[in-house]
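Trainee:
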Amino acid sequence: MEPVFAILILIALMVFGVPVAWSFAGVLMFLIYVYDVGTSTLLLQGFRSLNSVVLLALPLFVLAGYLMQSGGVARRLIGFMELMVRGRKGGLGAALVLSSGVFGAISGTATAAVASIGTIMADPLAQRGYPRGYTSALLGLSSLLGILIPPSLTMILFGVVTRQSITALFAATLVPGILLLVGLILFNRFMAKRFLPDDLPAADTITKPESGGRIFGKALPALSMPVIILGGIYGGVFTPTEAAAVACVVAIFIGFFIYRDLSLRGLWDSFVDAGQTTGTIIFILLFSFMIGRVMVAEGVPQDLTRAVAALTENRILILLLVNAFLIFVGMIMDDLSVTVVIAPLFMPLMQDVGVDPVHFGSIVACSVVIGANSPPVAPILYMACRIGKVSIHHAVTPALQMIFFVALPIMIAVTFIPALSLAVPRLLGAL
1 MEPVFAILIL
11 IALMVFGVPV
21 AWSFAGVLMF
31 LIYVYDVGTS
41 TLLLQGFRSL
51 NSVVLLALPL
61 FVLAGYLMQS
71 GGVARRLIGF
81 MELMVRGRKG
91 GLGAALVLSS
101 GVFGAISGTA
111 TAAVASIGTI
121 MADPLAQRGY
131 PRGYTSALLG
141 LSSLLGILIP
151 PSLTMILFGV
161 VTRQSITALF
171 AATLVPGILL
181 LVGLILFNRF
191 MAKRFLPDDL
201 PAADTITKPE
211 SGGRIFGKAL
221 PALSMPVIIL
231 GGIYGGVFTP
241 TEAAAVACVV
251 AIFIGFFIYR
261 DLSLRGLWDS
271 FVDAGQTTGT
281 IIFILLFSFM
291 IGRVMVAEGV
301 PQDLTRAVAA
311 LTENRILILL
321 LVNAFLIFVG
331 MIMDDLSVTV
341 VIAPLFMPLM
351 QDVGVDPVHF
361 GSIVACSVVI
371 GANSPPVAPI
381 LYMACRIGKV
391 SIHHAVTPAL
401 QMIFFVALPI
411 MIAVTFIPAL
421 SLAVPRLLGA
431 L
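Residue numbers (full-length UniProt numbering): 1 to 431.
1. Can you have a look at Met121 and say buried or exposed, based on whether 16 or more other CB atoms are within 10 angstroms of its CB?
2. For Val353, report the span of its alpha helix (DSSP H) as first-last.
3. By DSSP, does Gln428 sit in helix, in strand, or in coil?
4. Please list, in chain order, all residues of the same chain as Ile9 whose beta carbon is under 7 Å from its beta carbon, the five residues on each side excluded.
5. Is it a yes or a no for the region 336 to 348 touching the region 362 to 372, going by three-plus beta-carbon pairs under 8 Å?
6. Kindly list the residues whose CB is nearer than 8 Å to the CB of Leu420, restricted to its own chain and excluding five residues on each side of it in sequence; keep chain order.
7. What is the residue span of the alpha helix (DSSP H) that Thr313 lies within?
8. Determine the direct distance from the alpha carbon of Val37 to that of Leu428, and round the result to whole angstroms.
9. So, at 6 Å on beta carbons, what are the nonlocal neighbours of Pro418 in its own chain, with the 5 sequence-adjacent residues on each side left out?
10. Between which two residues does the alpha helix (DSSP H) holding Met155 run?
11. Unbroken alpha helix (DSSP H) runs of length 4 or more, entirely within the region 239 to 305: which are they?
12. Among Arg48, Ala324, Gly65 and Leu431, which has the Cα closest to the Cα of Ala244?
13. Who are the Cβ neighbours of Arg189 in its own chain at under 6 Å, not counting the five residues just before and after it?
14. Exposed or buried, what is Gln164 when buried is set at 16 or more other beta-carbons lying within 10 Å of its beta-carbon?
15. Starting from Tyr66, trace the alpha helix (DSSP H) in both directions and tell me its first and last residue.
16. Could you check the C-alpha separation between Val294 and Ile215 for me, to the nearest Å?
17. With respect to the alpha helix (DSSP H) encompassing Pro398, which residues constitute its N-terminal and C-terminal limits?
18. Determine the burial state of Phe103: buried for a count of at least 16 other Cβ atoms within 10 Å of its Cβ, exposed for fewer.
19. If contacts are defined as beta-carbon pairs under 8 Å, then Leu264 and Ile252 qualify, I think. What distance do you get, rounded to the angstrom?
20. What ranges does the beta strand (DSSP E) occupy inside the region 86 to 127, keeping only unbroken runs of at least 3 residues that lie completely in it?
21. Determine the closest residue to Ala171 out of Ile233, Tyr134, Leu186 and Tyr130, with distance taken between C-alpha atoms.
22. Express the C-alpha separation of Asn314 and Ser136 in angstroms, rounding to a whole number.
23. DSSP three-state call for Gly38: helix, strand or coil?
24. For Ala115 versus Ile387, is the C-beta distance shorter than 8 Å?
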C-alpha cells in the first residue's frame, strides 16, 4: 500500500504546482520515513548511479538543441519542408509536422521543437486559415516526434534507469516515429479539406519565395546534422555520448560560420539554458534512482507483478492494462516521471510476459506521446497553446482526435507487433 501512497503523493504535489524535482524529493522523504531506510547508503547509491558515461549524452544533447534553436536551424528546415509540400492543400500543416520531425531528430526534445517550430509557424498557419486550436494541437503532437525519432532524451533516460543499450533504444523507436509522422500528415490532409478554401494560392508560404536549389542549399547544413549524428552512431564511428558532443560542435560551427545567426550572447544563453534544464533533470534522476533503490529493496516490482497476475494471466489483457496505466499516469505526470519512475516498476512484469526490454522502451515512448498531450496536465499541449496564442479549451478536441485516430492505434500496433520496434535494432546488430 505504501507505493500507492507514494505515487499519489507525487501526483498531488505536481498537481499543486510543486516543481517536479522537489515532488520527487517529497516522495523520497515519505519512503525513507515509512521503510526506515539509512540515508547515507542511499545517497551513495544515488550518486554512483549518476556516475555514468552514457548519462553524459543527456546534457550534451540538451545543449545541442538550444544551440540549434539559437543558430537558425529551425528556420532553414521549415523553408525546405515548405518546398517539399508547396502548393498542396494542407501543405503548411504538413510542413509543420515534417519540420518538427527533422528538428526532433536533431535535438531529441519536444520542448525545443515546440518553441522553435511553433514560434515561426503559428501565426502564418492562422493567417492561412488553420484554426489556432487545431494548429496548437498539431504542434503538440508533432513535437513529440523528437521523443520517437532518435536521438531521444527520453530513451537515454530509459536506457540509464533500466540499463539497456541506448543505441538499441534509438533504433527501436525509429519505425514508430515514422508511423506517427506519416499518420499526422495524413490526418492533417483530411482535416485541411474541411476548413481550408479550395482556391489556395500556391505561393502562400511562410518563407519568402526563392528557387528550390537556393532553399535546399540553405537547408543542407541543417539536414546534414541527423545524418552525421545517426550515421555515426549506427555506423559504429562513435557512441551516443560522443555523438552528442559532435552535435554540439557541429551546431556551433553551423550557427557561427554558415548561418551566422549564433552570436556570443546566444552561445552564452544556450549554455545557461542547457545548464538549468540539465540541472533539473539530474535532480529528478538522483531522487528517482534513490526511490527505485528503496522500492526494489522492498520488493515493490515483484508485488506489482503478482498483483497484475492475480487479475489476469492473459498476456493480451496484461499488455492492455499496462498501456492504459501508462497513458493514465502520463495524463497526470510529465514524461520524465513516467520514464524514470513508473516504467522501471513494470519491467519485471513485462519480462515475465515475454516483452523484450527494448520493445518495452518503445511502448513507453508511445505512451508519453499520448500522455503529454492529454489533460489535465498535458504539459506539451499547454506549451503549444501558449505559443499558438489560444486557450487550451480550443485545442483539446483536435488533440484528442489526433490521439484517438493516430497516436493510440500506433501505440497498440507497437505493443502487439514487436517487429515494429525490434526489426531495426536487429538489422543494425544492436540486439
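Just so it is clear, CB atoms sit at the ideal spot from N, CA and C, and this is done for glycine as well.
Mentor: On the basis of the data shown:
1. For the purposes of this step, residue 121 is taken as residue 121 along the sequence shown, with counting starting at 1. Buried, since its Cβ has 16 or more Cβ neighbours within 10 Å.
2. Position 353 of the sequence shown, counted from the first residue, corresponds to residue 353. Counting along the chain, Val353 falls outside any alpha helix (DSSP H), and DSSP gives it neither H nor E.
3. On the sequence shown, position 428 is the one that residue 428 refers to. Looking at the sequence itself, residue 428 is Leu, so the reference to Gln does not match. Looking at Leu428 - three-state DSSP - the assignment turns out to be coil, as it is neither helix nor strand.
4. Here residue 9 corresponds to residue number 9 of the sequence shown, with the count starting at 1. Here the set comprises Gly26, Val27 and Phe30.
5. yes
6. Position 420 of the sequence shown, counting from 1, holds the residue named residue 420. Answer for Leu420: Val175, Pro176, Leu179, Ser362, Ala413 and Val414, listed in chain order.
7. As a working note, residue 313 is residue 313 in the sequence shown. One point to set straight first is that residue 313 is Glu, not Thr, in the sequence displayed. No alpha helix (DSSP H) holds Glu313; DSSP gives it neither H nor E.
8. Residue mapping note: residue 428 aligns to position 428 of the sequence shown, counting from 1. Residue mapping note: residue 37 aligns to position 37 of the sequence shown, counting from 1. The straight-line gap from Cα to Cα measures roughly 43 Å.
9. Working through the sequence shown from its first residue, we reach residue 418 at position 418. Close CB contacts of Pro418 within its chain, under the 6 Å cut and outside five residues either way in sequence, are with His359 (chain order).
10. Here the question's residue 155 lines up with position 155 in the sequence shown. Looking at the DSSP string, the run of the alpha helix (DSSP H) that includes Met155 is Leu153 to Thr162.
11. 240 to 253 and 264 to 297
12. Taking the sequence shown and counting its residues from 1, one reaches residue 244 at position 244. Checked all of Arg48, Ala324, Gly65 and Leu431; the closest Cα to Ala244 is Gly65.
13. Taking the first residue of the sequence shown as position 1, residue 189 is located at position 189. The beta carbon of Arg189 is closer than 6 Å to those of Gly90 in its chain, skipping five residues each way along the sequence.
14. Locating residue 164 in the sequence shown gives position 164, where the first residue counts as 1. The residue in question, Gln164, is buried, as its Cβ has 16 or more Cβ neighbours within 10 Å.
15. The residue you call residue 66 lines up with position 66 of the sequence shown. Element bounds for Tyr66: Ala57 to Ser70.
16. What you label residue 294 is simply residue 294 of the sequence shown in a count that begins at 1. What you label residue 215 is simply residue 215 of the sequence shown in a count that begins at 1. Taking the straight line joining both Cα atoms gives about 55 Å.
17. Here residue 398 refers to the residue found at position 398 when the sequence shown is read from its first residue. First-last of the alpha helix (DSSP H) with Pro398: Ile392 to Met402.
18. On the sequence shown, position 103 is the one that residue 103 refers to. Within 10 angstroms of the beta-carbon of Phe103 lie 16 or more other beta-carbons, which makes it buried.
19. The residue you call residue 264 lines up with position 264 of the sequence shown. The residue you call residue 252 lines up with position 252 of the sequence shown. About 11 Å; that fails the 8 Å criterion.
20. none
21. The residue given as residue 171 occupies position 171 in the sequence shown. When only C-alpha atoms are compared, the closest one is Ile233.
22. As a first step, residue 136 is located in the sequence shown; it is residue number 136 there, counting from the start. As a first step, residue 314 is located in the sequence shown; it is residue number 314 there, counting from the start. Going from the Cα of Ser136 to the Cα of Asn314 covers about 39 Å.
23. Here residue 38 is taken as the residue at index 38 of the sequence shown, counted from 1. Looking at Gly38 - three-state DSSP - the assignment turns out to be coil, as it is neither helix nor strand.
24. On the sequence shown, position 115 is the one that residue 115 refers to. On the sequence shown, position 387 is the one that residue 387 refers to. Yes; because the gap between Cβ atoms is below 8 Å, this pair is in contact.
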